[in-house]
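Just add 9 to the spot in the sequence shown (first one is 1) and you have this note's numbering. Note that beta-carbon positions come from the ideal geometry of N, C-alpha and C, so glycine has one too. Quick notes on the structure that follows.
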Amino acid sequence: MGLLREMQNITDYTEREHDICQYILQHPEEVASLSSRKLGELTFTSAATVTRFCQKLGCKGYPDFKLRFLSELKYHDTPEKEEEISISEQESVVTILRKVEETYKRAIQETKDMLSLEQMMRIRKLVRQSEYIDFYVYDANVALAMYARNLLFHSGKVANVYSETNIQELNALVSREKHLAIIISRTGENARLVEIAKTLKRSKTKTIVITCGKERTLGKMGDERLYTMARAAMDDFGTVLFSTGVKYLLDVIFGMEFSYQYKENMLLNQTYEERSRDRLWTLINQV
Numbered sequence: 010m011g012l013l014r015e016m017q018n019i020t021d022y023t024e025r026e027h028d029i030c031q032y033i034l035q036h037p038e039e040v041a042s043l044s045s046r047k048l049g050e051l052t053f054t055s056a057a058t059v060t061r062f063c064q065k066l067g068c069k070g071y072p073d074f075k076l077r078f079l080s081e082l083k084y085h086d087t088p089e090k091e092e093e094i095s096i097s098e099q100e101s102v103v104t105i106l107r108k109v110e111e112t113y114k115r116a117i118q119e120t121k122d123m124l125s126l127e128q129m130m131r132i133r134k135l136v137r138q139s140e141y142i143d144f145y146v147y148d149a150n151v152a153l154a155m156y157a158r159n160l161l162f163h164s165g166k167v168a169n170v171y172s173e174t175n176i177q178e179l180n181a182l183v184s185r186e187k188h189l190a191i192i193i194s195r196t197g198e199n200a201r202l203v204e205i206a207k208t209l210k211r212s213k214t215k216t217i218v219i220t221c222g223k224e225r226t227l228g229k230m231g232d233e234r235l236y237t238m239a240r241a242a243m244d245d246f247g248t249v250l251f252s253t254g255v256k257y258l259l260d261v262i263f264g265m266e267f268s269y270q271y272k273e274n275m276l277l278n279q280t281y282e283e284r285s286r287d288r289l290w291t292l293i294n295q296v
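This is the structure we're talking about:
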């Protein structure tokens with residue numbers, strides 16, 4: 010529940026914004042019929058305060074907030090906090106299977122809820138206009154970037170993964186407008202990646218940031234910001250939540266790009282498979 014979760018977890022509400030938030034969470038069924046003016050009256054605030062509250066949540070205004078809020082309610086019966094999934098000592102195989110499945114479903118659904126069609130169309134345009142896609146990552150996110158690099162090559166894009174500090178900085182310095190940078194950070198607070206984002210901005214390189222919240226430092230940087238589900242602690246399913254959401258986003262980006270030049274990409278992959286098969290038979294015949 011992207012919007013609902015943010016309403017529950019945001020900490021910098023004013024007193025009046027907090028009253029609006031609590032009223033909505035306690036009376037979700039009323040939102041469909043409430044105008045911003047009426048909601049302001051019910052919370053002893055004003056329509057202007059309601060609008061500012063909605064904008065703080067990343068919505069254009071109250072109508073946009075209402076649309077997103079009601080859309081999320083279609084998938085979730087109530088905006089109450091979901092039970093956290095965690096691993097207990099001596100769990101059975103059956104419960105682990107169930108919990109992993111639920112983790113995947115929740116991570117993908119919440120990541121999807123935080124997307125907008127308009128933003129994904131902008132990202133599709135950025136990917137199409139770029140000649141090179143550069144991933145800036147560390148640690149476990151390197152594997153996710155390598156996965157995406159492979160997909161993008163199969164969609165006709167040149168992609169590279171940079172995980173060494175010196176190479177990241179050097180590449181960011183020489184990066185130009187034909188490059189598109191994708192920064193992946195679970196915490197959103199990696200100081201080196203924050204500096205890389207600043208360098209890329211000075212180099213006029215378009216940047217997509219993928220992290221777990223807009224309140225994070227990196228969550229406020231980049232030309233486009235994609236958010237996914239994660240827990241702050243590096244515990245049991247915390248890594249699974251984040252990596253599943255990121256993989257979902259990367260798969261969507263790949264799908265949009267592959268579809269754009271579908272015939273050319275199908276021919277590219279067919280040629281690749283034929284040549285790979287020919288090389289395999291050549292090696293077999295040499296044995």
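For residue i, count neighbouring C-beta atoms within 10 Å of its own C-beta (all shown protein chains included) and say buried if the count is 16 or more, exposed if not.
i	result
D143	buried
P88	With a pLDDT of only 45 at P88, under 50, the local geometry of the prediction cannot be trusted, and the value read off the model is given with reservation. Under this definition P88 is a buried residue.
L13	buried
H27	exposed
K158	This sequence places Arg at residue 158; Lys is not what is there. Label assigned to R158: buried.
A41	exposed
D21	exposed
A241	Note on A241: pLDDT 47, under 50, position unreliable in the model; the coordinate value appears next. By the 10 Å Cβ count, A241 comes out exposed.
T313	The chain is shown from 10 up to 296; residue 313 falls before or after that span and cannot be answered.
V167	exposed
K215	buried
Q138	exposed
T237	buried
D86	In this prediction, D86 scores a pLDDT of 49, lower than 50, which makes its location untrustworthy; the coordinate-derived value is nonetheless stated afterwards. Counting Cβ neighbours within 10 Å, D86 comes out exposed, since fewer than 16 surround it.
D122	buried
V59	buried
F53	exposed
A152	exposed
E173	exposed
E119	buried
Y271	exposed
M275	exposed
Y281	exposed
T112	buried
K47	exposed
E273	exposed
S45	buried
P72	exposed
E15	buried
A304	Past the boundaries of the shown model lies residue 304; the chain is included only from 10 to 296, so the question cannot be answered.
L258	buried
K75	buried
S95	exposed
R286	exposed
E326	There is simply no residue 326 to check, as the chain begins at 10 and stops at 296 in what is shown.
Could you spell out the range, first to last residue, of the alpha helix (DSSP H) harbouring residue i?
i	result
Y113	V102 to D122
I193	I193 -> not in any alpha helix (DSSP H); beta strand (DSSP E) instead, spanning H188 to I193.
Y156	N150 to H163
Can you find a C-beta in chain D that's less than 8 Å from the C-beta of residue i?
i	result
I192	In summary, chain D is missing from the structure at hand, where a single protein chain is found.
Identify the continuous beta strand (DSSP E) that holds residue i and give its terminal residues.
i	result
F53	Per DSSP, F53 belongs to no beta strand (DSSP E) and is neither H nor E.
I132	Segment L126 to Q138 is the alpha helix (DSSP H) holding I132; no beta strand (DSSP E) there.
I176	Element bounds for I176: not the beta strand (DSSP E) but the alpha helix (DSSP H), T174 to V183.
Provide the residue(s) that pair with residue i in DSSP beta bridges, ordered along the chain.
i	result
Y281	Y281 pairs with nothing; no bridge assigned.
I142	A168 and L189
Every unbroken beta strand (DSSP E) within the stretch 207-278, with a cutoff of 3 residues, ordered by chain: Annotation note: the stretch 207-278 contains the following uninterrupted beta strand (DSSP E) runs of length 3 or greater, listed N- to C-terminal: 215-220 and 233-236.
Contained alpha helix (DSSP H) runs [length at least 4] in the stretch 18-85, N- to C-terminal order: Whole alpha helix (DSSP H) segments, 4+ residues: 24-35, 45-51, 56-65 and 71-82.
Inter-stretch contact (C-beta, 8 Å, three-pair minimum) for the stretch 215-234 and the stretch 158-167: Contact fails: fewer than three Cβ-Cβ distances are below 8 Å.
The stretch 248-263 touching the stretch 173-185, judged by at least three CB pairs closer than 8 Å: Contact between the stretch 248-263 and the stretch 173-185 is absent, because fewer than three Cβ pairs lie under 8 Å.
The stretch 200-216 in contact with the stretch 168-180 per 3-pair CB rule at 8 Å: Contact between the stretch 200-216 and the stretch 168-180 is present, because at least three Cβ pairs lie under 8 Å.
Sufficient close CB pairs (3 or more, under 8 Å) joining the stretch 189-198 to the stretch 223-232: They touch, by the three-pair rule.
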